[in-house]
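The structure appears below as structure tokens.
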Amino acid sequence: MVLNAVLLYLLAVADAALSGYRAVAGTNPRIKKRAFHQQAIARALLWGHVVIVLNVLGIMLLLWLFPNLLQDLIRSAQHCLEVYLLYALLTVLALLGFTMPSRDVRSISIVLILGPFTLLRAPVAVCGVLWALWHVPRAEVLLVCGMAIVPMLLLETFLWRRYKTSY
Amino acid sequence: MDLPEISDLIVQFDPQTGQRLPVVQAEVVERFLSLGSKQAARVVAGIPSKNGLLLEDAVDAMLLRSHIEMQRLSEEFAHGSRVREVLLDLLAAFRVSGIPSPYRVVDLGCGTGFVLRWIAAHGGLGDDVELIGADFNTTLIDAANRFARLEQLKVRFTAANAFALPEAATILVSTGVLHHFAASSLAAFFAEHGRVGTLAFAHWDFQPSPLVPFGSWLFHVSRFREPLARHDGIRSALRAYTAQTLLQAARDSQAEFSLGVYNPLLGQLPIKRVFHAVMGVRPNLMPAFASASGQRFSRWHAWS
Chain A
1 MVLNAVLLYL LAVADAALSG YRAVAGTNPR IKKRAFHQQA IARALLWGHV
51 VIVLNVLGIM LLLWLFPNLL QDLIRSAQHC LEVYLLYALL TVLALLGFTM
101 PSRDVRSISI VLILGPFTLL RAPVAVCGVL WALWHVPRAE VLLVCGMAIV
151 PMLLLETFLW RRYKTSY
Chain B
1001 MDLPEISDLI VQFDPQTGQR LPVVQAEVVE RFLSLGSKQA ARVVAGIPSK
1051 NGLLLEDAVD AMLLRSHIEM QRLSEEFAHG SRVREVLLDL LAAFRVSGIP
1101 SPYRVVDLGC GTGFVLRWIA AHGGLGDDVE LIGADFNTTL IDAANRFARL
1151 EQLKVRFTAA NAFALPEAAT ILVSTGVLHH FAASSLAAFF AEHGRVGTLA
1201 FAHWDFQPSP LVPFGSWLFH VSRFREPLAR HDGIRSALRA YTAQTLLQAA
1251 RDSQAEFSLG VYNPLLGQLP IKRVFHAVMG VRPNLMPAFA SASGQRFSRW
1301 HAWS
């Protein structure tokens, strides 16, 4: 249970960080902007943790209301991870390509893998929930999953709207 | 008929004076509808207007946002690094051949000047090299100069015809510009290189391939938010000319250059790159260029 919780937390943190990067990508015309990207990622991590804390509070409330929910949540988390970890693994492999010294490998990683994976992010998030519900068909599970993925999927747009700069 | 890009129609200049001309919104919307592009028509219809004319400030703001967003494409495809690599070899060839400095590298249709700003930020070309970006659009040029000042970069941008600068370019480069020219005007474009005494040119653009329609759509949809950037980015890739067309036009121009395509394939694999460069070097400088390029000269595919 603890391992699954930690894995979900790490996935949420990684997703928030990447959302922070995407939110500002293509908005700053400077050539050297590492600090700008670091700041954007730090901001996203902060907001991501706000979402995580709210989720934990929500889950605690539901567990108080439905004491028998815990086992179902543990099982559903396991099934969500089956989908999300595969996606995360492929994303990490693409990011490894991005660190290669070859300019061509970097470009190919970005264009052929990271781009399509960004488009697949929302469907994958929904698939994870559907996979969990398939195994644990319970309204409270849907509620917890929804509380988790909806804000995460909206985080990038939120950050872009809130922090976009005009030049 | 070829579908134009939105930015081709919402900004019009008098070709003689370079003055900005008013653009009738309904005419542009109608043009796109008649060409079957509801998406482009919607974008143009959404631009603020007054008395039926597109508001220049709104158009410029949209263009600027789109260009900044499109800079991402240049960053991810490492255009700055690719252009600098060729420039280093050309400049080395000029120095060895005793061509007097300063060498002026002019980026034609530079937009917000990413490539030259990148090169200026990373340095290495030498103190005897001037970097000048030229574009007709004053808004983009103003922005390019502002961005260069922000990072204290040694590069300048001017709203002018790159072929009509007070001091001619030693090397002319461009990125993603060639597809904006009509096929019938390409030869005249290349002829200008010969007329102004340029020693070499290298023009990068999308390389047509069967994967381009899907690849371009995927790239732009997954990254871009600005509807204009999305539309024009996808159209750019679809309108690009083959190397054969570009080189034939360069040949027809009668300008005296050794012509070739630079780096069209992925290494030794028979896989086309997304971008290729059409290059021309004065024939007397080719041996020095080949020598300066070393192993990289295998990327040069001569055309005869």
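Residue numbers (this note's numbering), protein chains in the order written: chain A, 1 to 167; chain B, 1001 to 1304. Just so you know, even glycine gets a beta-carbon here, dropped at the ideal spot from N, CA and C.
Practice task
Using a Cβ-Cβ cut-off of less than 9 angstroms, list which residues of the stretch 16 to 33 of chain A approach chain B; keep chain order.
Solution key: R22, A25, G26, T27, N28, P29, R30, I31 and K32
Handout entry: Closer than 8 angstroms to chain B by CB, A/R103
Key = To locate residue 103 of chain A, count along the first sequence from 1; it is residue 103. By this cut-off, A/R103 is an interface position.
Practice task
Let me know the alpha helix (DSSP H) ranges lying completely inside the stretch 18 to 88 of chain A, each 4 residues or longer, listed in chain order.
Solution key: 34 to 65
Practice task
Could you tell me the boundaries of the beta strand (DSSP E) in which B/G1133 lies?
Solution key: Numbered from its first residue, the second sequence carries residue 1133 of chain B at position 133. Unbroken beta strand (DSSP E) run through B/G1133: V1129 to D1135.
Practice task
Excluding the 5 residues preceding and the 5 following B/L1266 in the sequence, name in chain order all residues of the same chain whose CB lies nearer than 7 angstroms to its CB.
Solution key: Within the second sequence, residue 1266 of chain B is the residue found at index 266, counting from 1. The residues are R1273.
Problem - Within-8 angstroms CB hit, B/R1117 to chain A - result: On the second sequence, position 117 is the one that residue 1117 of chain B refers to. At least one chain A Cβ lies under 8 angstroms of B/R1117.
Problem - Given 8 angstroms, three or more beta-carbon pairs between the stretch 1130 to 1139 of chain B and the stretch 1155 to 1175 of chain B - result: yes
Exercise for the section: Could you tell me whether the Cβ of B/Q1268 comes closer than 8 angstroms to any Cβ of chain A? Expected result: Here the question's residue 1268 of chain B lines up with position 268 in the second sequence. Answer no: the Cβ-Cβ gap between B/Q1268 and chain A never drops below 8 angstroms.
Practice task
Keeping to the same chain, check which residues put their C-beta closer than 7 angstroms to that of B/L1153; ignore five residues upstream and five downstream.
Solution key: Counted from its first residue, the second sequence places residue 1153 of chain B at position 153. Answer for B/L1153: R1117, A1120 and A1121, listed in chain order.
Exercise for the section: Could you tell me whether any Cβ in chain A is nearer than 8 angstroms to the Cβ of B/F1297? Expected result: One-based indexing of the second sequence puts residue 1297 of chain B at position 297. No, because no Cβ of chain A sits closer than 8 angstroms to the Cβ of B/F1297.
Exercise for the section: Tell me whether the beta-carbon of B/E1192 lies closer than 8 angstroms to the beta-carbon of A/G26. Expected result: On the second sequence, residue 1192 of chain B is found 192 positions in, with the first residue counted as 1. On the first sequence, residue 26 of chain A is found 26 positions in, with the first residue counted as 1. Taking 8 angstroms as the Cβ cut-off, B/E1192 and A/G26 do not qualify as a contacting pair.
Handout entry: Contact list for B/A1202 against chain A, beta-carbon separation under 9 angstroms
Key = For the purposes of this step, residue 1202 of chain B is taken as the residue at position 202 of the second sequence. Those do not exist, as B/A1202 stays about 17 angstroms from chain A at its closest Cβ, beyond 9 angstroms.
Exercise for the section: Have a look at A/R138 and A/L112 and give me their C-alpha separation to the nearest angstrom. Expected result: The residue labelled residue 138 of chain A in the question sits at position 138 within the first sequence. The residue labelled residue 112 of chain A in the question sits at position 112 within the first sequence. Computed Cα separation, rounded: 38 angstroms.
Handout entry: Residue range of the beta strand (DSSP E) that includes B/W1300
Key = Indexing the second sequence from 1 puts residue 1300 of chain B at position 300. That run of the beta strand (DSSP E) goes W1300 to A1302.
Exercise for the section: Measure from the alpha carbon of B/D1252 to the alpha carbon of each residue in B/L1269, B/S1185 and B/Q1207, then state which is nearest. Expected result: Reading the second sequence from its first residue, position 252 is the one you call residue 1252 of chain B. Looking at the Cα atoms, B/S1185 is the closest of the given residues.
Exercise for the section: Kindly indicate if chain B contains any beta-carbon less than 8 angstroms away from that of A/P137. Expected result: The residue you call residue 137 of chain A lines up with position 137 of the first sequence. No, its Cβ sits nowhere closer than 8 angstroms to a Cβ of chain B.
Handout entry: Expected contact under 8 angstroms - CB spacing of B/G1126 and B/L1091 to nearest Å
Key = By one-based count along the second sequence, residue 1126 of chain B stands at place 126. By one-based count along the second sequence, residue 1091 of chain B stands at place 91. Going by Cβ atoms, the distance from B/G1126 to B/L1091 rounds to 7 angstroms, so yes, they are a contact pair.
Handout entry: Residues from the stretch 1208 to 1219 of chain B in contact with chain A, defined by Cβ distance under 9 angstroms
Key = G1215, L1218 and F1219
Handout entry: Coil, strand or helix - B/R1146 by DSSP
Key = As a position in the second sequence, residue 1146 of chain B is number 146, starting the count at 1. Of the three classes helix, strand and coil, the one that applies to B/R1146 here is helix, per DSSP.
Exercise for the section: Tell me whether the beta-carbon of A/G115 lies closer than 8 angstroms to the beta-carbon of B/F1219. Expected result: Indexing the first sequence from 1 puts residue 115 of chain A at position 115. Indexing the second sequence from 1 puts residue 1219 of chain B at position 219. For A/G115 and B/F1219, yes; Cβs fall inside 8 angstroms.
Exercise for the section: Just confirm the distance between the C-beta atoms of B/S1066 and B/V1115, as a whole number of angstroms; I'd bet it's less than 8 angstroms. Expected result: Against the second sequence, residue 1066 of chain B aligns to sequence position 66. Against the second sequence, residue 1115 of chain B aligns to sequence position 115. 17 angstroms between Cβ atoms; not a contact.
Handout entry: Test: A/L119 CB closer than 8 angstroms to a CB of chain B
Key = For the purposes of this step, residue 119 of chain A is taken as the residue at position 119 of the first sequence. A/L119 counts as touching chain B.
Problem - Short CB-CB distance (under 8 angstroms) between A/M116 and chain B - result: Position 116 of the first sequence, counting from 1, holds the residue named residue 116 of chain A. The amino acid at residue 116 of chain A is misidentified as Met; the sequence shows Pro. Output row for A/P116: interface = yes.
Handout entry: Under 8 angstroms from the C-beta of B/Q1071: neighbouring residues of chain A
Key = Counting from one through the second sequence, the residue named residue 1071 of chain B turns up at place 71. Per Cβ cutoff of 8 angstroms: G26 and P29.
Practice task
At 9 angstroms on the CB atoms, spell out the chain A contacts of B/S1222, in chain order.
Solution key: On the second sequence, residue 1222 of chain B is found 222 positions in, with the first residue counted as 1. Residues of chain A passing the Cβ test: L114, G115, P116, F117, T118 and L119.
Practice task
Report the residues of the stretch 1157 to 1175 of chain B with a CB closer than 7 angstroms to any CB of chain A, ordered along the chain.
Solution key: none
Handout entry: Whole-number beta carbon distance between B/T1170 and B/L1199, since they are thought to touch under 8 angstroms
Key = The residue given as residue 1199 of chain B occupies position 199 in the second sequence. The residue given as residue 1170 of chain B occupies position 170 in the second sequence. About 5 angstroms; that satisfies the 8 angstroms criterion.
Practice task
Assign A/A44 to one of two classes, buried (16 or more other C-beta atoms within 10 Å of its C-beta) or exposed (fewer than that).
Solution key: Taking the first sequence and counting its residues from 1, the one referred to as residue 44 of chain A is at position 44. Under this definition A/A44 is a buried residue.
Handout entry: Delimiting residues of the alpha helix (DSSP H) encompassing B/D1002
Key = On the second sequence, residue 1002 of chain B is found 2 positions in, with the first residue counted as 1. Per DSSP, B/D1002 belongs to no alpha helix (DSSP H) and is neither H nor E.
Problem - Contact check, A/V144 vs A/I59, beta carbons under 8 angstroms - result: Taking the first residue of the first sequence as 1, we reach residue 144 of chain A at position 144. Taking the first residue of the first sequence as 1, we reach residue 59 of chain A at position 59. Yes; because the gap between Cβ atoms is below 8 angstroms, this pair is in contact.
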